[in-house]
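Counting from 1, position 71 in the sequence shown corresponds to residue 340 in the working numbering; the numbering is continuous, with no gaps.
C-beta atoms are modelled at their ideal positions from N, C-alpha and C, and glycine is treated no differently.
Reviewing the structure listed below.
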Amino acid sequence: MREITTIVTTAGRPGDVSMALAAFACKNLNISFEPRKKRSVRKISHEMQANVIVAGKNRYDYYAFEASEPFFFHPNSAAFRLKRVARGETDPFLEAMQLITGDSVLDCTLGLAADAMLAAYTVGGAGRVIGTEANPNIAFIVEQGMQTYDTSELPLTACMRQIEVVQAEAVTYLRSLPDNAFDVVYMDPMFEEIIEEANNFQALRSAGEHLTLTEEWVSEARRVAKKRVVLKAHFRSEWFETYGFQQLTRITAKFHYGVLEA
């Protein structure tokens, strides 16, 4: 079987917007366009032995090869969490991060950027939030989604637009940075044990890079962080003890945060 590539196609009945989005994806990712020709995405994927990015009317859907569900950008839980924080309620992520206005944050595992959006809200316009994603297709779809997602919720919109996406493997990017480049470095590797989530997160698990925490990753994160490194992992994870993180226990939660002061 030949190497799995990635191609772009359109919605079933493409209009001008769908065609323009397809052309934009092809140019940015330097990949080929495949006309839909009334075929299902699954059929195209198997015929071409490829991942498929579908340019729709107002968004991209990404079908990783043999994945059962597409991945697409949506703010997901970020909208609800932002509303709670705006009302003065606490959020476990922000409690662990201890961010202040003007801080710089590196999210090593951007995913759907829900955590990064909360970070952007907290650090404000004077701060900076950068997120890394190793998979170029996921990085493209999340970046475009955050820049174009239509919402009337102004704080959410501003937070999405503020986040910078870097397509790079986390450790590789960390190595390229000088000491103390960011105030806080955050890491949320793909969980060691399955935690039930929404379908789109499961699609992300399938399409994204499967990561495991390493000594080099923690060491580089600590070098780059001016204040602290924050880890999110399953509550039974050995990572907290192995790498010296102070585990913040949450009795009813399936995942915990850990803090490593720089």
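* Using the beta-carbon count (16 or more within 10 Å), is D376 buried or exposed? -> buried
* Asked: Can you tell which of R328, V310, D285 has the C-alpha that lies nearest to the C-alpha of E338?
  -> V310
* Hey, would you say T378 sits closer than 8 Å to D330, going by beta carbons? -> no
* For H315, is the classification buried or exposed, using 16 other Cβ atoms within 10 angstroms of its Cβ as the cut-off for buried? -> exposed
* On the three-state DSSP scale, how would you describe D360? -> coil
* Inter-residue Cα distance where the pair is D360 and A289 -> 39 Å
* Asked: In terms of alpha-carbon separation, which member of L387, I432, A437, I407 lies closest to T401?
  -> A437
* Asked: For S287 versus A294, is the C-beta distance shorter than 8 Å?
  -> no
* Counterpart residues of F525 in DSSP-defined beta bridges -> Going by the sequence as given, residue 525 is His instead of Phe. Looking at the DSSP assignment, H525 forms a beta bridge with A502.
* In chain order, what residues of the same chain lie with their CB nearer than 6 Å to the CB of W508, ignoring the 5 residues before and after it? -> L482, A502
* Asked: Do F342 and I410 have their CB atoms nearer than 8 Å?
  -> yes
* So, P405 versus L298, is the Cβ gap smaller than 8 Å? -> yes
* **DSSP bridge partner residues for A494 (one or two, in chain order)** => F451
* Asked: Short check: CB of A389 to CB of V398, under 8 Å?
  -> yes
* **Where the beta strand (DSSP E) through I276 begins and ends** => 274-279
* Asked: Counting along the chain, where does the alpha helix (DSSP H) carrying S314 start and finish?
  -> 310-317
* Can you grab the Cα-Cα spacing for the pair R430 / A382, in whole Å? => 11 Å
* Asked: Between Y442 and the rest of its own chain, which residues show a CB-CB distance below 7 Å, the 5 nearest in sequence each way excluded?
  -> T401, V435
* Asked: My guess is that V493 and V454 are in contact by the Cβ rule of under 8 Å, so how many angstroms apart are they, rounded?
  -> 6 Å
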